[in-house]
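Participant:
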């Protein structure tokens with residue numbers, strides 16, 4: 002009964018029960034354990050920090066590539082005019098071309114929303130059937 006109590010009752014701080022039932026002090030062993038494992042823990046933390054830093058840099062690099070692929074915006078044209086790299090006539094011509102392109106996209110979208118169908122917007126299964134023939138359900 003005493004040996005069972007020794008295995009299941011809480012131990013005092015800094016003690017351990019060996020396989021043979023003897024109680025040993027583990028204070029020195031704990032220090033040795035942490036001094037052996039501490040470099041590995043610090044190495045893993047450093048690896049995680051470097052990986053996080055690399056991930057942030059890669060995401061920032063790809064994000065900047067996406068914004069540069071949009072082309073010119075009206076704000077870019079205004080900036081170029083302010084800096085003097087574009088004359089007033091060039092700015093007016095580029096602005097008109099940009100607004101006309103945007104206007105045509107808006108008109109095309111509104112026409113397709115209003116119900117005007119074109120070949121590209123017609124569903125593929127809505128083909129006209131010859132006279133007198135009905136589809137099989």
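Numbering (the numbering used here), first residue to last: 2 to 138.
For every residue, glycine included, the Cβ atom is placed at its ideal position computed from N, Cα and C.
None of these values were measured; they are calculated from a predicted model.
(1) Using the C-alpha atoms, what's the distance from residue 52 back to residue 34?
(2) If you draw a straight line from the alpha carbon of residue 62 to that of residue 99, how long is it in whole angstroms?
(3) Just to confirm the assignment, what range does the alpha helix (DSSP H) spanning residue 81 have?
(4) Does the distance from the CB of residue 78 to the CB of residue 96 come in under 8 angstroms?
(5) Residue 76 to residue 49, Cα distance in whole Å?
(6) What is the rounded straight-line gap between the Cα of residue 83 and the Cα of residue 109?
(7) Between the alpha carbons of residue 92 and residue 58, how many angstroms are there, rounded?
(8) Going by DSSP in three states, residue 87 sits in which element: helix, strand or coil?
Facilitator: Reading it off the structure:
(1) 27 angstroms
(2) 28 angstroms
(3) 75-84
(4) yes
(5) 40 angstroms
(6) 33 angstroms
(7) 36 angstroms
(8) coil
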